[in-house]
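Those letters in the sequence shown? Residues 272 to 699, by my numbering. Cβ coordinates follow ideal geometry from the N, Cα and C atoms, glycine included.
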Amino acid sequence: MKTKLVIFGITGDLAQRKLLPALAHIVEECLCGELAIIGVSRRAVDQFAVLGECGVTLGSMTTVFQMDLDNVDDYHNLNNFIDQQEGEQVLFYLSVPPESTAKIVENLGAAGLNRPGNKLLLEKPFGTDLASAQAMIDSTATHFNEEQVYRIDHYLAKEMAQNIVTFRARNAIFAHLWSNEYIERIEVLALEAIGIEGRAAFYEQTGALRDIVQGHLLQLLALTLLPLSDDLNWDSLPQRRQAALDAIQPANPDSSKSIRAQYEGYREEVGSHDSIVETFVSIELQSTDPTWAGVPLALTTGKALDGKKTEVRVHFKRVNDTQSNYLMFKIQPGEGIALDLVTKKPGYDQEVEHQKLSYMYPTDKRLPDAYEQVLVDAINGRKSLFATSGEVLRAWEILAPLQEAWRDGENLRFYPIGSKAKSVLGIE
Numbered sequence: 272m273k274t275k276l277v278i279f280g281i282t283g284d285l286a287q288r289k290l291l292p293a294l295a296h297i298v299e300e301c302l303c304g305e306l307a308i309i310g311v312s313r314r315a316v317d318q319f320a321v322l323g324e325c326g327v328t329l330g331s332m333t334t335v336f337q338m339d340l341d342n343v344d345d346y347h348n349l350n351n352f353i354d355q356q357e358g359e360q361v362l363f364y365l366s367v368p369p370e371s372t373a374k375i376v377e378n379l380g381a382a383g384l385n386r387p388g389n390k391l392l393l394e395k396p397f398g399t400d401l402a403s404a405q406a407m408i409d410s411t412a413t414h415f416n417e418e419q420v421y422r423i424d425h426y427l428a429k430e431m432a433q434n435i436v437t438f439r440a441r442n443a444i445f446a447h448l449w450s451n452e453y454i455e456r457i458e459v460l461a462l463e464a465i466g467i468e469g470r471a472a473f474y475e476q477t478g479a480l481r482d483i484v485q486g487h488l489l490q491l492l493a494l495t496l497l498p499l500s501d502d503l504n505w506d507s508l509p510q511r512r513q514a515a516l517d518a519i520q521p522a523n524p525d526s527s528k529s530i531r532a533q534y535e536g537y538r539e540e541v542g543s544h545d546s547i548v549e550t551f552v553s554i555e556l557q558s559t560d561p562t563w564a565g566v567p568l569a570l571t572t573g574k575a576l577d578g579k580k581t582e583v584r585v586h587f588k589r590v591n592d593t594q595s596n597y598l599m600f601k602i603q604p605g606e607g608i609a610l611d612l613v614t615k616k617p618g619y620d621q622e623v624e625h626q627k628l629s630y631m632y633p634t635d636k637r638l639p640d641a642y643e644q645v646l647v648d649a650i651n652g653r654k655s656l657f658a659t660s661g662e663v664l665r666a667w668e669i670l671a672p673l674q675e676a677w678r679d680g681e682n683l684r685f686y687p688i689g690s691k692a693k694s695v696l697g698i699e
């Protein structure tokens, strides 16, 4: 089946850094069938200038369609242009600023480009709070039904994120340990050494809670908590993630474990001497699911720290006087799984030490990029790694008390660039 992929924002940063290289690779590996790429641009540009190094692979299948994104007549012209291309299905990928999304969706509907079978791929953010997310979902539903909408959270498509589910389901040694009877605490971390990297306008409107916690960290947590089926049915994965999220209680803003902070120099970087936007967040949640009741669920993210890592840590309870162990899913950099074990330290005494039993993906083996997975799955109609409207809304519901409590910037901490996360938390 030949696919017509229409990319709004083909000249933008995301398309240039992620989408076009991902498309080039899946075409080279014959993972997507025949493909016709239509790049939408406000200005007249040559397709090879847009494609850059990807032009060798994608040049012959790509055309650039110039149009005014606010002019509905241009969408009718786009409709006619699409009809002239060969292909059985049409995908619209909106790689555009969030403020442009609603109008583009409305105009696609007005021009009849929402006909059954067409697919709409949307990038985060999905709103800025519960009310705006609901409004966005309702507006989209006016023109496209839920089956047509593919909401992208690329963390779900990362190789090790997918492996959390497979690891849990396929390794009997851990299956019966996966509950509050044996697990003491779960941590999800996404820490970065870089700051906002010139994205002042974006970050001032977003912050760490909206940017990372609402989507990425809650989704990784859901993969860790979700109930498993006996047959590991991936089609039901969104419903199982939803069940895990539904059981998580709304965050408690009064908890001593709900912390927000900003790195020193951020205000000068964004040109706002009184900015209260957080660059670091750590919260502790609880689940009402009997399987997880009483287990602290800690989510932590931050910028301008002492290093970069994204991982899920599952801490097991101590037995008698033994030391605790933890299992780590390493999402990035480098992907793998490590089990912290206590072993006898070599020598004549009975001293012990912690060692890691680990598996890292081979460095000589190329792993699929998350955006390659996103594109292959969307083309093939597989929705298990895309967020549903219900998941989006529940995530905002969980964070709503924090958003309300943090509006005035009270209890905002400050930390030096290069700090350890534990130092920001005040536990080191």
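- A Cβ-Cβ distance of about 7 Å is found for the pair Ile353 and Ile309, placing them in contact under the 8 Å criterion.
- Residue environment for His296: buried (at least 16 other C-beta atoms within 10 angstroms of its C-beta).
- Within its own chain, the residues whose Cβ lies closer than 6 Å to the Cβ of Ala575, once the five positions on either side in sequence are excluded, are Gly466, Tyr534 and Ile688, listed in chain order.
- Ala658 and Pro617 have their alpha carbons spaced roughly 49 Å apart.
- Beta-bridge partners of Lys615 (DSSP): Val623.
- Under the Cβ criterion (8 Å, minimum of three pairs), the segment 366-381 does not count as touching the segment 312-327.
- When the five nearest sequence neighbours on each side are left out, the beta carbons in the same chain lying within less than 6 Å of the beta carbon of Pro509 are those of Thr659, in order along the chain.
- At a Cβ-Cβ threshold of 8 Å, Met631 and Gly652 do not count as neighbours.
- Within the model, the alpha-carbon separation for Leu670 versus Glu394 is close to 20 Å.
- For the 8 Å CB-CB criterion, Ala412 and Gly358 do not form a contact.
- Rounded to whole angstroms, the Cβ separation of His487 and Ala471 is 21 Å, and the two are not in contact under 8 Å.
- Taking the Cα positions, Ser546 is about 27 Å away from Leu664.
- Counting only runs of 4+ residues, the alpha helix (DSSP H) found wholly inside the segment 334-403 occupies 343-355 and 369-381, in chain order.
- Apart from the 5 residues on each side of it in sequence, Gln513 sits with its Cβ closer than 6 Å to the Cβ of Gly661 and Glu662 in its chain, given in chain order.
- Taking each of Ile281, Asn350 and Ala381 in turn and checking the Cα distance to Gln318, the smallest one comes out for Ile281.
- Just measuring C-alpha positions, the residue of Gly607, Glu458, Val613 and Ser655 sitting nearest Gln626 is Val613.
- Distance from Trp505 to Ser655 at the Cβ level is roughly 4 Å; contact confirmed, criterion being Cβ atoms closer than 8 Å.
- Between Ser312 and Gln337, the gap from beta carbon to beta carbon is short of 8 Å.
- Taking the Cβ atoms as the reference, Val343 lies roughly 5 Å from Ala381, within the contact range of under 8 Å.
- For Ala532, the beta-bridge partners assigned by DSSP are Phe551 and Arg684.
- By the Cβ test, the segment 485-502 is in contact with the segment 419-427, since at least three Cβ pairs between them sit closer than 8 Å.
- Within the model, the alpha-carbon separation for Phe587 versus Pro387 is close to 48 Å.
- Assignment of Met272 by DSSP, reduced to helix, strand and coil, places it in the coil class.
- Shown here, Ile423 sits in a strand according to DSSP, grouped into three states.
- When only Cα atoms are considered, Leu302 and Lys693 end up about 43 Å apart.
- Short of 7 Å from the beta carbon of Ser690, and not among the five residues preceding or following it, lie these beta carbons of its own chain, in chain order: Leu576 and Asp577.
- Leaving aside the five residues that flank Asn451 on each side, the residues in its chain whose CB is nearer than 7 Å to its CB run, in chain order, Thr562, Trp563, Ala564, Gly565 and Val566.
- Here DSSP, grouped into helix, strand and coil, assigns Gly565 to coil.
- Around the beta carbon of Glu549, a 10 Å sphere encloses 16 or more other beta carbons of the protein chains shown; the residue is thus reported as buried.
- A direct Cα-Cα distance of roughly 14 Å separates Ala428 from Leu290.
- Under DSSP, Gln603 takes part in a beta bridge, and its partners are Thr581.
- A residue is called buried once 16 or more other Cβ atoms fall within 10 Å of its Cβ, and Val298 is buried on that count.
- For Leu664, the enclosing alpha helix (DSSP H) stretches over residues Ser660 to Ala676.
- Shown here, Thr572 sits in a strand according to DSSP, grouped into three states.
- The beta-carbon separation of Gly304 and Thr274, rounded to 6 Å, stays under the 8 Å limit for a contact.
- Around the C-beta of Ala522, 16 or more other C-beta atoms lie within 10 Å, and the residue is accordingly described as buried.
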